[in-house]
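Written below as structure tokens is the structure these notes are about.
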Amino acid sequence: MDQTRSRELFGRAKTFFPGGVNSPVRAFRSVGGEPFIVSHGKGPFLFDVDGNRYVDYINSWGPLVLGHAHPAVVAALHEQAQLGTSYGACHEREAELAEVVRQLFPSLELMRFVNSGTEAGMAVIRLARGFTGRRKILKFEGCYHGHADVLLAKAGSGVLTLGLPDCAGVPASAVQDTLVAEFNSVESVEQIFSACGEEIAAVILEPVVGNCGLLVPDPQFLRALRAITEKHGALLIFDEVMTGFRVHLGGAQALYSVRPDLTMLGKVIGGGLPGGAFGGRKEVMEQLAPLGPVYQAGTLSGNPLAMVAGLTTLREWRKPGAFEKAAGVTERLVEALRSGAARHGLPLVADSVGTMFGFFFSPSPVRSFRDTQSADKARFNRFFHAMLEAGVYFAPSAFEAGFVSLAHDGEAIEHTLKSLDAGFAAARASA
Ligand code: KE4
């Protein structure tokens, strides 16, 4: 595949940006090689500056449930741009989007729009601490909630050790009150709560994990977290930035019938523009300025472009049959991954929840962050590059989720399935 122009432009990008990128995962460091440079996207496809076409299973890391440049979204943005791109003042589109969000997420009795999932994460932690008067936060290994210091903590050595900084620049003081438990392990949560439950302001998690590959919750896990947090007076926070509208129109909280106290949203809600939200119980949200003492703000929060992109996206996405169609294609892809790997004698576990999927080259089920470490990363990387060569773009990391859009029908999915043998043959080859 000729990527001459991409190489030139990526070389230029590296003179401006660390690693040539504006977000680390885009640099292909985990899979090796260098990324292609996008010229444009359309439906399920990305096109690079050398004219190569790729079936895109990243969809901008989740936002594009309709695919790239959906005509209705483009038209809505074009119309709004002529009325102004940002007002820094109240306008009707905000409540219009909020109304649709609350129809799908009734637990958001009140909400606030922000510009990213990270902002939503910062806000819910401060709000939970302000509402409860407590300091400790319990998160789970492998879950990512944006890059706010307080959430960049990794598990300490012992079960009860407080979080350790997960990257340079995060002082120990920033994560000294962040505890880290094991996803799908009720026992690890109960141990921490029995030791300091009355100091814990909130438990925060991705209810279906997408940031260390896909981890599906055991049936009783989310219900157990609900019961434990209620018992100890801690808030339950669902980070649905990735799962929102994707695993179910109403997110994981609808799919698993567990109502959190606070929810983070992002990605899909902005329809491909910078957008996020957080919301939940009225009495908690009323602690927020200007009503209450917890401060949070944002220049571009609720900006009309993101509002109309989100609104148009959700209106199309909630049309009868749309979600089910994309979920059906996702299941078909996962089945083809399983059967293709088996045909090539490769150990592989694959799963999907709604229109989100993940797979590991692993002989055994992957139910926790620790399990992900047994996955064969080198094998994934060979698979990734062979599929890219065939014009199919999976996430450039063995530890990310994949996403299907409404546009992934017909040619896109047929081309993908036809290309899998090449991917598995490369995966099987010795390093
Ligand atoms: P943003 O600040 O990137 O909008 O959202 C942070 C975030 C919060 N919560 C969850 C569950 C998320 O998945 C994310 C961001 N996800 C990554 C994908 N692993 C975004 C890709 C990137 O960082 O470039």
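Residue numbers for the sequence shown, in this note's numbering: 804 to 1234.
From the three backbone atoms N, C-alpha and C, an ideal C-beta is built for every residue, glycine too.
In this text, all values refer to a predicted model and were calculated from it rather than measured experimentally.
**Study point:** Run of the alpha helix (DSSP H) containing LEU1223, from where it starts to where it stops
**Key:** Locating residue 1223 in the sequence shown gives position 420, where the first residue counts as 1. Counting along the chain, the alpha helix (DSSP H) containing LEU1223 begins and ends at 1213 to 1231.
Review point. Which two residues bound the contiguous alpha helix (DSSP H) that contains ARG929?
Key: Here residue 929 refers to the residue found at position 126 when the sequence shown is read from its first residue. Note, ARG929: alpha helix (DSSP H), 920 to 935.
Practice item. Output yes or no for whether 7 Å exceeds the beta carbon distance between LEU1052 and LEU907. Key: As a first step, residue 1052 is located in the sequence shown; it is residue number 249 there, counting from the start. As a first step, residue 907 is located in the sequence shown; it is residue number 104 there, counting from the start. Closer than 7 Å, so yes.
Practice item. Report yes or no: do the stretch 855 to 871 and the stretch 1191 to 1210 share at least 3 C-beta pairs separated by less than 8 Å? Key: yes
Exercise for review: Classify ILE840 as helix, strand or coil using the three-state DSSP reduction.
Suggested key: Translated into positions along the sequence shown, residue 840 becomes position 37. In the structure shown, ILE840 sits in coil (DSSP, three-state: anything other than H, G, I, E or B).
Exercise for review: Quick one: residues in its chain with C-beta nearer than 6 Å to the C-beta of VAL978, no 5 flanking neighbours on either side, listed in chain order?
Suggested key: In the sequence shown, counting from the first residue as 1, residue 978 sits at position 175. Cβ neighbours of VAL978 beyond the five flanking positions: ALA956, GLY966 and PRO968.
Check your understanding: Beta carbon of GLU944: closer than 6 Å to some heavy atom of ligand 1?
Key -> Indexing the sequence shown from 1 puts residue 944 at position 141. Not under cutoff, so the answer is no.
Check your understanding: Is the beta carbon of HIS1051 within less than 6 Å of some heavy atom of ligand 1?
Key -> For this step, residue 1051 is matched to residue 248 along the sequence shown. Every heavy atom of ligand 1 is 6 Å or more from the Cβ of HIS1051, so no.
Check your understanding: Exposed or buried, SER1208, counting other C-beta atoms within 10 Å across all chains shown (16 or more means buried)?
Key -> Locating residue 1208 in the sequence shown gives position 405, counting from the first residue. The residue in question, SER1208, is buried, as its Cβ has 16 or more Cβ neighbours within 10 Å.
Practice item. Identify, in the order they occur along the chain, each residue of the same chain with its Cβ nearer than 6 Å to the Cβ of PHE934, setting aside the five sequence neighbours on each side. Key: As a working note, residue 934 is residue 131 in the sequence shown. Taken in chain order, the residues that qualify are VAL1087 and GLN1090.
**Study point:** C-beta atoms of HIS871 and GLY844 nearer than 7 Å
**Key:** Locating residue 871 in the sequence shown gives position 68, where the first residue counts as 1. Locating residue 844 in the sequence shown gives position 41, where the first residue counts as 1. Contact: yes.
Review point. Across which residues does DSSP place LYS845 in a beta bridge pair?
Key: On the sequence shown, residue 845 is found 42 positions in, with the first residue counted as 1. Partner(s): PHE848.
Practice item. My understanding is that VAL1111 touches ALA879, with C-beta atoms under 8 Å, so please give their C-beta distance in whole angstroms. Key: Residue numbering aside, residue 1111 sits at position 308 when the sequence shown is read from its first letter. Residue numbering aside, residue 879 sits at position 76 when the sequence shown is read from its first letter. So it is a contact: roughly 4 Å between Cβ atoms.
Point to revise | Residues near MET1190 in its chain [Cβ-Cβ closer than 7 Å; skip 5 each side] | key: The residue labelled residue 1190 in the question sits at position 387 within the sequence shown. Cβ neighbours of MET1190 beyond the five flanking positions: PHE1197, SER1222 and GLY1226.
Check your understanding: Residues in its own chain within less than 6 Å of SER1177 by CB, not counting five upstream and five downstream?
Key -> Along the sequence shown, read from residue 1 onward, the residue named residue 1177 stands at position 374. Contacts found: SER1165.
Exercise for review: Starting from the Cα of ASP1319, find the closest Cα among GLY1082, GLU1127, GLY1101 and VAL828 and give me that residue.
Suggested key: The structure shown does not extend to residue 1319, since the chain spans only 804 to 1234, so no value can be given for it.
Exercise for review: Assign MET1088 to one of three DSSP states: helix, strand, or coil.
Suggested key: One-based indexing of the sequence shown puts residue 1088 at position 285. Of the three classes helix, strand and coil, the one that applies to MET1088 here is helix, per DSSP.
Check your understanding: Using the rule of at least 16 other Cβ atoms within 10 Å of the residue's Cβ for burial, across every protein chain shown, is LYS1085 buried or exposed?
Key -> Along the sequence shown, read from residue 1 onward, the residue named residue 1085 stands at position 282. LYS1085 should be labelled exposed.
Point to revise | Beta carbon of PHE1160 nearer than 7 Å to that of VAL1137 | key: Looking up residue 1160 in the sequence shown gives position 357. Looking up residue 1137 in the sequence shown gives position 334. Cβ distance < 7 Å, so PHE1160 and VAL1137 count as in contact.
**Study point:** the stretch 1074 to 1082 / the stretch 912 to 932 touching (three or more Cβ pairs under 8 Å)
**Key:** yes
Practice item. Report buried or exposed for SER997, applying the criterion of at least 16 other Cβ atoms within 10 angstroms of its Cβ. Key: By 1-based counting over the sequence shown, the position of residue 997 is 194. Exposed.
Check your understanding: What did DSSP end up calling HIS881 once you bin it into helix, strand or coil?
Key -> Within the sequence shown, numbered from 1, the residue matching residue 881 stands at position 78. In the structure shown, HIS881 sits in a helix (DSSP, three-state: H, G or I).
Check your understanding: In chain order, what residues of the same chain lie with their CB nearer than 8 Å to the CB of THR888, ignoring the 5 residues before and after it?
Key -> Locating residue 888 in the sequence shown gives position 85, counting from the first residue. If we look at THR888 and ignore the five residues flanking it on each side, its Cβ neighbours are ASN1106, PRO1107 and LEU1108.
Review point. Whose C-alpha, out of ARG1121, GLY854 and PHE986, is nearest the C-alpha of ILE840?
Key: Position 37 of the sequence shown holds residue 840. The residue with the shortest Cα to Cα distance from ILE840 is GLY854.
Check your understanding: Is any heavy atom of ligand 1 found at a distance shorter than 6 Å from the C-beta of VAL828?
Key -> The residue given as residue 828 occupies position 25 in the sequence shown. Yes, Cβ of VAL828 sits closer than 6 Å to a heavy atom of ligand 1.
Check your understanding: So, is SER1060 buried or exposed, given that buried needs 16 or more other C-beta atoms within 10 angstroms?
Key -> Numbered from 1 along the sequence shown, position 257 holds the residue referred to as residue 1060. It counts as exposed.
Review point. How big is the Cα-Cα spacing for GLU895 and PRO1077?
Key: What you label residue 895 is simply residue 92 of the sequence shown in a count that begins at 1. What you label residue 1077 is simply residue 274 of the sequence shown in a count that begins at 1. Those two C-alpha atoms are separated by around 19 Å.
Check your understanding: Taking 6 Å as the cut-off, is the CB of THR818 close to at least one heavy atom of ligand 1?
Key -> On the sequence shown, residue 818 is found 15 positions in, with the first residue counted as 1. THR818 Cβ: outside cutoff for every heavy atom of ligand 1.
Review point. CB GLU899 to CB CYS946, shorter than 7 Å?
Key: Indexing the sequence shown from 1 puts residue 899 at position 96. Indexing the sequence shown from 1 puts residue 946 at position 143. Cβ atoms of GLU899 and CYS946: not closer than 7 Å.
Review point. What do you reckon, is the C-beta of MET1045 under 6 Å from a heavy atom of ligand 1?
Key: Sequence index remark: in the sequence shown, residue 1045 carries index 242 (1-based). Under cutoff, so the answer is yes.
Practice item. Return the bridge partner residues of ASN1014 from the DSSP annotation. Key: The residue you call residue 1014 lines up with position 211 of the sequence shown. For ASN1014, which the question treats as bridged, DSSP gives the partners GLY1016.
**Study point:** Span separating the alpha-carbon of PRO1022 from that of ARG1029
**Key:** Counting from 1 along the sequence shown, the entry for residue 1022 is found at position 219. Counting from 1 along the sequence shown, the entry for residue 1029 is found at position 226. Each residue's Cα considered, the two are about 13 Å apart.
Check your understanding: On the three-state DSSP scale, how would you describe MET1238?
Key -> It is not possible to answer for residue 1238, since the shown part of the chain is limited to 804 through 1234.
Point to revise | Alpha-carbon to alpha-carbon, ASP859 and ALA1193 | key: On the sequence shown, residue 1193 is found 390 positions in, with the first residue counted as 1. On the sequence shown, residue 859 is found 56 positions in, with the first residue counted as 1. For ALA1193 and ASP859, the distance between alpha carbons rounds to 12 Å.
**Study point:** Whole-angstrom distance between LEU1038 and SER1142, CA atom to CA atom
**Key:** On the sequence shown, position 339 is the one that residue 1142 refers to. On the sequence shown, position 235 is the one that residue 1038 refers to. The alpha-carbon atoms of SER1142 and LEU1038 are separated by roughly 42 Å.
Check your understanding: Which two residues bound the contiguous beta strand (DSSP E) that contains ILE1007?
Key -> Residue mapping note: residue 1007 aligns to position 204 of the sequence shown, counting from 1. Where ILE1007 is concerned, the enclosing beta strand (DSSP E) stretches over 1003 to 1008.
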